[in-house]
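Going by this note's numbering, the final residue of the sequence shown carries number 278, and the count climbs one at a time with no gaps. Note that beta-carbon positions come from the ideal geometry of N, C-alpha and C, so glycine has one too. Report on the structure given below.
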Amino acid sequence: MKKQLGKKHFCSNFNFNNYKSIIRSDKDIIYTKLPNGRTICGPPPPSGSAKLLNLHIQLEIPLGDIDFVANSLNLSHLLTSQEWAENVRNKITLRTHPDNYYQEGNAHQALPEDHGTSHISVIDRWGNAVSITTTLNIAFGSFVLSESTGILFNDQMDDFSTKGMPNYWGYPPSPQNYIEPGKRPMSSMSPIIVFKENGK
């Protein structure tokens, strides 16, 4: 693989020889209890599950006339809290940014389709559930086809940030996501599982 990719990749023999899947304990899984009694869970970062669950919680916020909607005022105070304001303040810089920098998931700004991501969820007869997302990242991935397997290599390295340069999707670089040995890039992939109170 390394020989075929040549100079088009960042990986060394050390990276290939030491790569392994990480199996984490259930305490590392991100859980959120939904108002309907169901629980939604997903893997920790670098997966995008935490962000997805955060957006879902925001969509569930039942704001309305405080004389008619219970807890609406308390939720409004939370949304206007110092912590919330600090988060917004941290996004203010000395230059302008696209709308989605300030408000991720802006419904008015369509993102290009990637045509390279697939997802599957499986539940066996014993109730074990698996949720998997795989991607080439952008269409045709790295544009390199393995001569030995016929598999198209992905270009997942684009999910890392490069200093002073936006990624393929136009997102500005994030220092927390710069490339480092052994590090996995942040990703919007969010394989999740939703289950009822009885675990089904």
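{"Asked": "Ordered along the chain, which non-local residues of its own chain (more than five positions away) have a Cβ less than 6 Å from that of D237?", "Found": "P263 and S265"}
{"Asked": "Checking 8 Å against the spacing of the C-beta atoms, do S196 and P269 come in under that value?", "Found": "no"}
{"Asked": "Answer with buried or exposed for G228, where buried requires no fewer than 16 other C-beta atoms within 10 angstroms of its C-beta.", "Found": "exposed"}
{"Asked": "Taking A128 as the reference, which of Y179, N255 and M267 has the closest Cα?", "Found": "M267"}
{"Asked": "Quick check: what's the CA-CA separation for V200 versus A207?", "Found": "6 Å"}
{"Asked": "Roughly how many whole angstroms lie between the Cα atoms of I108 and I135?", "Found": "13 Å"}
{"Asked": "Verify whether the separation of the beta carbon atoms of F231 and G219 is less than 8 Å.", "Found": "yes"}
{"Asked": "As an exercise, report each continuous beta strand (DSSP E) stretch of at least 3 residues that is fully enclosed by the region 114 to 178, in chain order.", "Found": "117 to 120"}
{"Asked": "Please report the straight-line C-alpha distance between L131 and P122, rounded to a whole angstrom.", "Found": "11 Å"}
{"Asked": "Spatial neighbours of S125 within its chain, please: CB distance less than 8 Å, with the 5 preceding and 5 following residues excluded, ordered by chain position.", "Found": "S265, M267, S268 and P269"}
{"Asked": "On a CA-only basis, which of P250, T110 and M79 is nearest N93? Give me that one, please.", "Found": "M79"}
{"Asked": "At what residues does the beta strand (DSSP E) containing F273 begin and finish?", "Found": "I271 to F273"}
{"Asked": "Measuring CB to CB, does P251 end up less than 8 Å from Y179?", "Found": "no"}
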